[in-house]
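Student: To convert a position in the sequence shown, counted from 1, into the working numbering, add 4. We treat Cβ as the ideally placed atom computed from N, Cα and C, and that holds for glycine. Computed from a predicted model, the values in this text were never measured in an experiment. Before I ask anything, let me first share the structure, which is written out below as structure tokens.
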Amino acid sequence: MFAKIAAGCLLVALVWFTLTCDILSYKSYKRWKEMRDYEHEKSSAGWIENEKWLFDHIASNATENQGFMKPKRFPKVRAVLKQIVDTGMKDWKVFKAKHRKNYTSVERERERMLSFINAEQYSKVQNEAFEHHNSSYKVELNDLADLSFSEYKKLNGFRYTGSRVRRSVSYPPSFMEFMNSPLPDAIDWREHGYVTDVKDQGNCGSCWAFSAIGSLEGQYKRRKGNLITFSEQNLVDCSRKKNDGCDGGFVNAAFQHIMDNRGISAEETYPYRGKQRSCLIGRSKIKITVTEYVEIPAGDEKALKVAVATMGPISVAIDTDHMGFMLYKEGVFYDKDCSSSLRKLDHAVLVVGYGTDEEFGDYWIVKNSWGDDWGMHGYIKMARNRNNNCGIASEASYPVIL
5 MFAKIAAGCL LVALVWFTLT CDILSYKSYK RWKEMRDYEH EKSSAGWIEN EKWLFDHIAS
65 NATENQGFMK PKRFPKVRAV LKQIVDTGMK DWKVFKAKHR KNYTSVERER ERMLSFINAE
125 QYSKVQNEAF EHHNSSYKVE LNDLADLSFS EYKKLNGFRY TGSRVRRSVS YPPSFMEFMN
185 SPLPDAIDWR EHGYVTDVKD QGNCGSCWAF SAIGSLEGQY KRRKGNLITF SEQNLVDCSR
245 KKNDGCDGGF VNAAFQHIMD NRGISAEETY PYRGKQRSCL IGRSKIKITV TEYVEIPAGD
305 EKALKVAVAT MGPISVAIDT DHMGFMLYKE GVFYDKDCSS SLRKLDHAVL VVGYGTDEEF
365 GDYWIVKNSW GDDWGMHGYI KMARNRNNNC GIASEASYPV IL
């Protein structure tokens, strides 16, 4: 996602508001997924203040062998660079205050500042595309805007195991009988009391646990009639087979753990801590009989629609290796480079409904686990019926409860 950062990617003939290349990358914004972290110089000699450091850092990396001209030799380019730096620094200070950001060292802050200004330049281009009806979604400089690629990846803890092994050989009758039946044009399980409040996994790659618990909560409501907030921390601490706590895991392995242990704790008795600890076996748990988990046919959005319409919220894994997803604000997220390959899936979420936007077409309603300040109060609308964009139907499943 982060390709080699060449921080002076500017063209003499372009002015500030029409820049089409990222100041931190010589690749286009849509190729942000190919970017990698930049290891800048350890020496701080000559770094009197952040503004000067930032300008020097960007300018010194605009090298001729990367196809760009030295800003020192071209005053117009330097002027544009200075405007970017000046604006970026002002916005950086506002961002830090708004999100209460504090950093352990000057070097650490400068790394985050580079990530932020990169995100800021991307957001300007993306939102301009949205305003001109060339894109279906908007982005914002949210709490994640200062993360490096490696830090962002820690949030995306879905781990593909290399195979899809189903507990049962065939789909249960309750699912199959609806495959050729009329389905509602839209449904939102939040309106029916099947979905708990948006949660925040924090700096822990435990998305797999939140996705699994979300589907379990919906199925429990469907079978038992009441909505209970179950414990993700229970899974993070105790589900060890194919799962690795904050370092990632697999949704179906979480279902298997609940099945084997015949239940799971409620959130109130086993609260979330955002880090893996020793399994607290003695904590009380709610008895739940999970007989199996059902995997939706890989890549089949029609089958996923059937499952969502008839069964409730469904766990899915998606490709989120894109700045547009990280900074999503509103609209229907679609990225032509978003992969549907099983091996590219890196984040587990929960589909809680679907619908159609008059301007942007069909979408899935997806619950994330990055808090309610992200996206549309913790949710994102993702493109539906567009060739399984982002792999939303590639790894979908739900537990079956007696």
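So the candidates are 402, 252, 264, 359; which of them puts its Cα closest to the Cα of residue 384?
Tutor: Ranking the options by Cα distance to residue 384, first place goes to 359.
Student: By DSSP's criteria, residue 366 is part of a beta bridge. Which residues make up the other side?
Tutor: 360
Student: Skipping 5 residues on each side, what residues in its chain have a beta carbon closer than 6 Å to that of residue 311?
Tutor: 300, 318
Student: How long is the line joining the alpha carbons of residue 353 and residue 308, rounded to whole angstroms?
Tutor: 14 Å
Student: Could you give the DSSP three-state label for residue 149: helix, strand or coil?
Tutor: coil
Student: Report yes if the CB atom of residue 231 is closer than 8 Å to the CB atom of residue 258, and no otherwise.
Tutor: no
Student: Could you check the C-alpha separation between residue 237 and residue 219 for me, to the nearest Å?
Tutor: 16 Å
Student: For residue 295, which of helix, strand or coil comes out of DSSP?
Tutor: It is a strand residue.
Student: Measure the CB-CB distance between residue 303 and residue 343 and report whether it falls below 8 Å.
Tutor: no
Student: Identify which residue in 251, 120, 112, 370 has its Cα closest to the Cα of residue 192.
Tutor: 370
Student: How is the beta strand (DSSP E) around residue 214 delimited, first residue to last?
Tutor: Not the beta strand (DSSP E): residue 214 falls in the alpha helix (DSSP H), residues 211-228.
Student: Quick test of your reading: residue 161 and residue 242, contact by CB under 8 Å. State the CB separation rounded to the nearest angstrom.
Tutor: Rounded, the Cβ-Cβ distance is 16 Å, inconsistent with contact.
Student: Closer than 6 Å by C-beta to residue 197: which residues in its own chain qualify, once you throw out the five before and the five after it? Chain order, please.
Tutor: 231
Student: So which of 102, 144, 95, 341 has the shortest CA-CA distance to residue 126?
Tutor: Of 102, 144, 95, 341, the residue nearest in Cα terms is 144.
Student: Buried or exposed for residue 163, going by 16 or more other Cβ atoms inside 10 Å?
Tutor: buried
Student: Contact defined as beta carbons within less than 8 Å: I believe residue 323 pairs with residue 349. What is the distance between those atoms, to the nearest angstrom?
Tutor: 6 Å
Student: So what does DSSP say about residue 111, is it helix, strand or coil?
Tutor: helix
Student: Give me whichever residues DSSP pairs with residue 267 in a beta bridge.
Tutor: 291
Student: Can you name the residues that DSSP bridges to residue 417?
Tutor: The first residue shown for the chain is 5 and the last is 406, placing residue 417 beyond what the model contains.
Student: Exposed or buried, what is residue 159 when buried is set at 16 or more other beta-carbons lying within 10 Å of its beta-carbon?
Tutor: Around the C-beta of residue 159, 16 or more other C-beta atoms lie within 10 Å, and the residue is accordingly described as buried.
Student: Tell me the DSSP secondary structure of residue 95 in three-state form.
Tutor: helix
Student: Leaving out five residues before and five after residue 222 in sequence, what residues of the same chain have Cβ atoms less than 6 Å from its Cβ?
Tutor: 198, 316, 317
Student: With a 10 Å radius around its C-beta and 16 neighbouring C-beta atoms as the bar for buried, classify residue 408 as buried or exposed.
Tutor: Past the boundaries of the shown model lies residue 408; the chain is included only from 5 to 406, so the question cannot be answered.
Student: Just to confirm before moving on: does the CB-CB distance between residue 142 and residue 334 stay below 8 Å?
Tutor: yes
Student: According to the Cβ coordinates, are residue 3 and residue 233 closer than 8 Å?
Tutor: No answer is possible for residue 3: the residues shown for the chain start at 5 and end at 406.
Student: Using the three-state DSSP reduction, which class does residue 334 fall into: helix, strand or coil?
Tutor: strand
Student: Mind checking residue 407: buried by the 16 CB within 10 Å criterion, or exposed?
Tutor: What is shown of the chain runs 5 to 406, which leaves residue 407 out entirely.
Student: What would DSSP say about residue 435, mapped onto helix, strand or coil?
Tutor: Since the first residue shown for the chain is 5 and the last is 406, residue 435 is missing from the structure and cannot be characterised.
Student: One question on the structure: do residue 113 and residue 152 come within less than 8 Å of each other, judged by their Cβ atoms?
Tutor: no
Student: Does the beta-carbon of residue 207 have 16 or more other beta-carbons within 10 angstroms, so that it is buried, or is it exposed?
Tutor: exposed
Student: So does residue 334 have its beta carbon nearer than 7 Å to some heavy atom of the ligand NAD?
Tutor: The ligand NAD is not among the ligands present in this structure, which contains no ligands whatsoever.
Student: Roughly how many angstroms lie between the CA atoms of residue 376 and residue 147, to the nearest whole one?
Tutor: 11 Å
Student: Looking only at its chain, what residues have a beta carbon closer than 8 Å to the beta carbon of residue 227, apart from the 5 residues adjacent to it on each side?
Tutor: 405, 406
Student: Helix or strand or just coil, what does DSSP make of residue 191?
Tutor: Looking at residue 191 - three-state DSSP - the assignment turns out to be strand.
Student: What would DSSP say about residue 254, mapped onto helix, strand or coil?
Tutor: In the structure shown, residue 254 sits in coil (DSSP, three-state: anything other than H, G, I, E or B).
Student: Quick one: what does DSSP say residue 351 is sitting in, helix, strand or coil?
Tutor: In the structure shown, residue 351 sits in a strand (DSSP, three-state: E or B).
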